[in-house]
Amino acid sequence: MHAIAIHGGAGAVPRAQLTPERERLYRDGLAAALDAGYAVLESGGGSLDAVTAAVRVLEDDPLFNAGRGAALTRDGAAELDAAIMEGRQQRAGAVAGVRHVRNPVELARRVMERSRHVLLVGPGAEEFALEEGLTLVPNHYFRTAERVAQLEAEQRGERVSELIPVPRGTVGAVARDRAGNLAAATSTGGMTNKRPGRVGDSPIIGAGTFARNGVCAVSATGHGEYFIRCVAAFHVCAAVEHRGLTLQQAVAEVLHQVLKAMGGDGGLIAVGADGHVVMDFSSDGMFRGARSSEGLHEIAIY
Ligand code: ASP
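All residue numbers for the sequence shown refer to my numbering, where the first residue is 1 and numbers rise by one.
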């Protein structure tokens, strides 16, 4: 079975604040990403290409907190983090704190495939992007009026979700291809009003992103500091591999026990060795979608 699952972030968007028009935009955005990733799998492509394709679409969509439309630092700039990992050899690539790379997931993939490193940050990452010929854009390309308003609201001390129905909105994808290879990718602008230089869980291998063939691939969203501290994505895989939990149980354990006990919330998407998809969250909702060759086709928010 081939399968893909995506998320567009977990966060507190009170249902009443999400107008039908806006909900449709989110659903359309998720559907476009899901279809882009699934088309790769359907045509016999690999899971790495599938998760890259899906995340790219979400990075380009200003509704989601990754690429264009990223959450802003307290200085009003976008600083982007992303990671990608493949499960066959457990190769991984990640970038953090980049300000000019249009599609951070592509840079993460270049780091994995064309450098000797796993994680590149800031100017060094951008120098590498330049050498690789990736599309670079001025920082204001990422900044949307909505994110500016959110930042201003945060800085006035208002809770963002009370003002504008946009959640944290990180994006991610996990996939299993026909050959049984697993992959995961995550991309984010991080948290609104973060300090410049803050790095979340998304580009930290094992925290926000992890994949291991024969076990599972995982992408996280939520309050990154907590996901780093409990090594969330790796915890899921280790619980499946070493303690015999089902993928569903392992995901639930992290979200509803481990993170909860620490005071963190968020969501996880995962795909197992057999292509079984699990999507769960402890926040009010999580933008998400999944498709498989066995007929699974869903897009949901709450
Ligand atoms: N996990 C992301 C971070 O902390 C935020 C999110 O998922 O919305 O950077």
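Backbone N, C-alpha and C fix where the C-beta goes; we use that ideal spot for every residue, glycine too.
Computed from a predicted structure; not experimentally measured.
Among residues of its own chain, excluding the 5 on either side of Ser283, which ones have a beta-carbon nearer than 7 Å to its beta-carbon? Scanning its chain for C-beta atoms nearer than 7 Å, with the 5 sequence neighbours on each side dropped, one finds around Ser283 the residues Ala10, Gly11, Ala12, Gly222, Asp265, Gly266 and Gly267, in chain order.
From Val57 to Ala50, what does the alpha carbon distance come to, in whole angstroms? So the two alpha carbons sit approximately 11 Å from each other.
Which one of Ala16, Gly76, Asp35 and Met1 has the shortest CA to CA distance from Gly190? Looking at the Cα atoms, Gly76 is the closest of the given residues.
is_contact[Asn193, chain D] using C-beta, thresh 8 Å: Among the protein chains of the structure shown there is no chain D, as only one such chain exists.
Would the beta-carbon of Gly69 fall within 8 Å of that of Asp81? For Gly69 and Asp81, no; Cβs fall outside 8 Å.
Hey, could you find the ends of the alpha helix (DSSP H) Glu106 is sitting in? For Glu106, the enclosing alpha helix (DSSP H) covers residues Pro104 to Arg114.
What do you get for Gln89, buried or exposed, if any count of 16 or more other CB atoms within 10 angstroms of its CB means buried? That one is exposed.
Among Ala300, Leu296, Ala290 and His297, nearest to Ile4 - alpha-carbon criterion: Minimum Cα distance to Ile4 is reached at Ala290.
Taking the alpha helix (DSSP H) that Ser293 falls in, what are its first and last residues? Neither: Ser293 is in no alpha helix (DSSP H) and is coded neither H nor E.
Are there any heavy atoms of ligand 1 lying less than 7 Å away from the beta-carbon of Gly197, as far as the coordinates show? Taking 7 Å as the cut-off, the C-beta of Gly197 does not count as close to any heavy atom of ligand 1.
With DSSP as the reference, label Met279 as helix, strand or coil. Shown here, Met279 sits in a strand according to DSSP, grouped into three states.
Using alpha carbons as the reference points, say which of Glu79, Asn193, Ile301 and Val174 lies closest to Gln150. Among Glu79, Asn193, Ile301 and Val174, the Cα nearest to that of Gln150 belongs to Asn193.
Considering only heavy atoms of ligand 1, does any lie closer than 7 Å to the CB of Asp201? The answer is yes for Asp201.
Asp81, DSSP secondary structure in three states: If DSSP states are grouped into helix, strand and coil, Asp81 belongs with the strands.
Confirm the yes/no value for this check: CB of His235, any heavy atom of ligand 1, distance under 7 Å. The closest heavy atom of ligand 1 lies 7 Å or more from the beta carbon of His235.
Is it buried or exposed for Leu247, if we count other Cβ within 10 angstroms and need 16 for buried? The residue is buried, with at least 16 neighbouring Cβ atoms inside 10 Å.
Please classify Val148 as buried or exposed, where buried requires at least 16 other C-beta atoms within 10 Å of its C-beta. Exposed, by the Cβ-count rule.
Tell me which residue opens and which closes the beta strand (DSSP E) that Cys216 is part of. Start and end: Cys216 to Gly222.
Can you tell me whether Thr19 is buried or exposed, with buried defined as 16 or more other CB within 10 angstroms of its CB? With fewer than 16 neighbouring CB atoms inside 10 Å of its own CB, Thr19 falls in the exposed class.
Would you mind sorting His140 into buried or exposed? The rule is 16 or more other CB atoms within 10 Å of its CB. It counts as exposed.
At 4 residues or longer, what runs of the alpha helix (DSSP H) sit wholly inside the region 146-196? DSSP runs (the alpha helix (DSSP H)) wholly in the region 146-196: 160-163.
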